[in-house]
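Below you'll find the structure, written out as structure tokens, and then a few comments.
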Amino acid sequence: MKKLILFTLAISLSISSYSTHLMGGQIVANYIGSDSTGSHYALELTAYRDTIGIPMGTTATFEVYLQDTSGAWNYLYSSTVPQAGPSGGIVPSIQMVYGVEIYMFNDTITFPANGNYYISWQECCRNGAIINMANPLNENMRLTTYINVDSASPNSSPSFLTLPVSYLPAHIPWSYNPLPFDPDGDSLVWSLATPLGAASTVNGYEYLSDSIYSDSAGVFALDPVTGSLSWSASLVGHFEASFLIEEYRNGSKIGEMRRDMQFIVIPDTSNTMPGISNMQSIPTNSGGYPYVKINPGQNYQLHLLANDADVNDVLDMEAYGAPFNFSVSPASHSVSLTGNGNEIEGVFSWTPDITHLSPIPYIVVFRTTDFFFYYDETIQFEVTSEVLSLTNIEGIEISNIYPNPANNKLFIPISLDRSDNVSIEIYNIIGVKISENNMNLGTGNHVIMKDIDLNSGQYIVVIRDKNGTAINTQQLVIVK
Numbered sequence: 089m090k091k092l093i094l095f096t097l098a099i100s101l102s103i104s105s106y107s108t109h110l111m112g113g114q115i116v117a118n119y120i121g122s123d124s125t126g127s128h129y130a131l132e133l134t135a136y137r138d139t140i141g142i143p144m145g146t147t148a149t150f151e152v153y154l155q156d157t158s159g160a161w162n163y164l165y166s167s168t169v170p171q172a173g174p175s176g177g178i179v180p181s182i183q184m185v186y187g188v189e190i191y192m193f194n195d196t197i198t199f200p201a202n203g204n205y206y207i208s209w210q211e212c213c214r215n216g217a218i219i220n221m222a223n224p225l226n227e228n229m230r231l232t233t234y235i236n237v238d239s240a241s242p243n244s245s246p247s248f249l250t251l252p253v254s255y256l257p258a259h260i261p262w263s264y265n266p267l268p269f270d271p272d273g274d275s276l277v278w279s280l281a282t283p284l285g286a287a288s289t290v291n292g293y294e295y296l297s298d299s300i301y302s303d304s305a306g307v308f309a310l311d312p313v314t315g316s317l318s319w320s321a322s323l324v325g326h327f328e329a330s331f332l333i334e335e336y337r338n339g340s341k342i343g344e345m346r347r348d349m350q351f352i353v354i355p356d357t358s359n360t361m362p363g364i365s366n367m368q369s370i371p372t373n374s375g376g377y378p379y380v381k382i383n384p385g386q387n388y389q390l391h392l393l394a395n396d397a398d399v400n401d402v403l404d405m406e407a408y409g410a411p412f413n414f415s416v417s418p419a420s421h422s423v424s425l426t427g428n429g430n431e432i433e434g435v436f437s438w439t440p441d442i443t444h445l446s447p448i449p450y451i452v453v454f455r456t457t458d459f460f461f462y463y464d465e466t467i468q469f470e471v472t473s474e475v476l477s478l479t480n481i482e483g484i485e486i487s488n489i490y491p492n493p494a495n496n497k498l499f500i501p502i503s504l505d506r507s508d509n510v511s512i513e514i515y516n517i518i519g520v521k522i523s524e525n526n527m528n529l530g531t532g533n534h535v536i537m538k539d540i541d542l543n544s545g546q547y548i549v550v551i552r553d554k555n556g557t558a559i560n561t562q563q564l565v566i567v568k
């Protein structure tokens, strides 16, 4: 291990110390509100640099451009802000070979009218050790975020939910997921792009999928479904990649943002990559991806075991994804030792709310680390009204419900082995509650007849017990 650290230090110290050594970053634009002066947005610039170069600038200047009817981009105005303290925090790195610092800059800007805008920030210079650029030390790092502004249909930019990972070993299969995410629920498309310099793309950029940089068994690739990146690097050194997210609403593109990242590949043969050992126990969809379906109101727990062949390594597991950010019924994740060597158990627990119903699955990333290397596993969770199983909880059994649209009646068979309070709720397909009935039922079999007057369409019927726990969720289709 000591030889590895000394070797990497030798690489780092050979770099010029007269530039900023920018490694990556991103700009996120979040909608605040609109009034007579325009639409207001909060900007957040995150920039990463190594600690070998000169310090990061104390201010950042955002430039705002507006697209005209011909498609040309016209400079509108600029805004300069100081660092949002505290900045300079350290990203987790291997034995502090050299520091990777995070700098934050926040601003509030106003777009005066509806239209297409992009926000740009740039600074000199990139890290001179980057191998897959022709002359990185003379290249600015430019970050952009494009957004369609419509006061009648608010829109925030997409973003990424996981922190960058800087270090990985050569010739070892590795997985990382930046976790693309859109707060408005818009459709996202992600891809790899050429990094931007001062005026256009950087000179002499080579994609890491090139056979020079990737082992044949692990070509650098971004999964189009989950956004997960996989790579088995064939060379030691510093490499740059740019990730692009495009967002679409009703088939029209309404936004785009990019994250630049630098990967540092080291010649490690002494440290084993940690990982989750029981991924094969998770169900998969038709595409072969780990995929779990959950009904609203039903608790789901996933127990993941992680270990490392290096018995003295201490492990940890982190989890990222939209389910952890919900204000109502968020998911949780806890980690504990199993007592089997350095093995740990991560427990994901979630009881989705009816408002979490979505045909688009939630992507959750589970990141295992030995505080030297990091490895991501990606699982999709779909919250569905599909009947996954009929549940018998605390003596309450629900059979299939059935409607009679001709006379606006809904019939719900319920069997109880003791008296209980039961509530019946109906939601439309976007999660808005249409009706609710509460009743006390005695022991025995019941067929509840509920008057309904619903338009043709899909609905969700939720049955809850006296504690408010959803004990059954079924889809209701009305055809008139």
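First residue of the sequence shown? That's 89 in our numbering, and the numbers climb one at a time after it.
The beta carbon of each residue, even a glycine, is placed where N, CA and C say it ideally should be.
- Per the DSSP secondary-structure output, S340 pairs in a beta bridge with R337.
- Contact between the region 392-406 and the region 422-434 is present: 3 or more CB-CB pairs across the two stretches fall below 8 Å.
- Listed as beta-bridge partners of M111 by DSSP are no residues whatsoever.
- Each residue's CA atom was taken as its position, placing S263 and I512 some 45 Å apart.
- Here the C-alpha atom of D348 lies approximately 9 Å from the C-alpha atom of A135.
- The three-state reading of DSSP puts S247 in strand, counting E and B together.
- Scanning its chain for C-beta atoms nearer than 7 Å, with the 5 sequence neighbours on each side dropped, one finds around P224 the residues R214, N215, G216, I218, in chain order.
- S124 sits in coil when the DSSP states are folded into three classes, being neither helix nor strand.
- Taking V535 as the centre and dropping the five residues before and after it, the same chain places the C-beta of F499, P501 closer than 6 Å to its C-beta, in chain order.
- Collapsing the DSSP output to three states places T439 in coil.
- When DSSP reads this structure, Q562 sits in a beta bridge with V549.
- Taking a contact to require three or more Cβ pairs closer than 8 Å, the region 146-154 and the region 205-214 qualify as touching.
- In this chain, the beta strand (DSSP E) harbouring V188 covers 188-199.
- Contact check between the region 349-356 and the region 250-268: three or more CB pairs, one atom from each, fall below 8 Å, which counts as touching.
- Residue burial annotation: N265 is buried, with at least 16 other C-beta atoms found within 10 angstroms of its C-beta.
- Here E344 is actually not in contact with P283; their C-beta atoms are around 15 Å apart, not less than 8 Å.
- Taken atom to atom, the span from the alpha-carbon of V307 to that of N366 is near 25 Å.
- By the neighbour-count criterion, in which 16 or more other beta carbons inside 10 Å mark a residue as buried, D464 falls on the buried side.
- In this chain, the beta strand (DSSP E) harbouring R455 covers 450-457.
- Of the candidates P242, I451, L529, N516, I451 places its Cα closest to the Cα of I467.
- Classified as exposed, P312 has fewer than 16 neighbouring CB atoms from the shown chains inside 10 Å of its CB.
- Closest option to V277, judged by alpha-carbon separation, among N560, R346, G121: R346.
- Annotation: the continuous beta strand (DSSP E) that includes F499 extends over 497-504.
- When rounded, the separation of the alpha-carbon atoms in R137 and G159 is 34 Å.
- Straight across, the Cα-Cα distance linking A117 with D505 is about 55 Å.
- Pairing A407 with S330 gives a Cβ-Cβ distance that is not under 8 Å.
- Your pair E335 and D270 checks out as a contact, with CB atoms roughly 5 Å apart and the cut at 8 Å.
- In this structure, L310 sits near S279, with a CB-CB distance shorter than 8 Å.
- Between Q563 and I548, the beta carbon gap of about 6 Å places them in contact (Cβ cut-off 8 Å).
- Between the region 161-170 and the region 229-246 there are fewer than three C-beta pairs closer than 8 Å, too few to call the two in contact.
- In the DSSP assignment, H326 forms a beta bridge with I218, I352.
- D404: member of the beta strand (DSSP E) spanning 404-409, first to last residue.
- Taking all protein chains in view, the Cβ of E211 is crowded by 16 or more other Cβ atoms within 10 Å, so the residue is classified as buried.
- Per the coordinates, the alpha-carbon of N525 lies some 48 Å from the alpha-carbon of D195.
- The shortest C-alpha to C-alpha distance from Y379 to any of S241, N428, V453 is the one to V453.
- About 5 Å separates the Cβ atoms of Y462 and V253, confirming a contact at the 8 Å cut-off.
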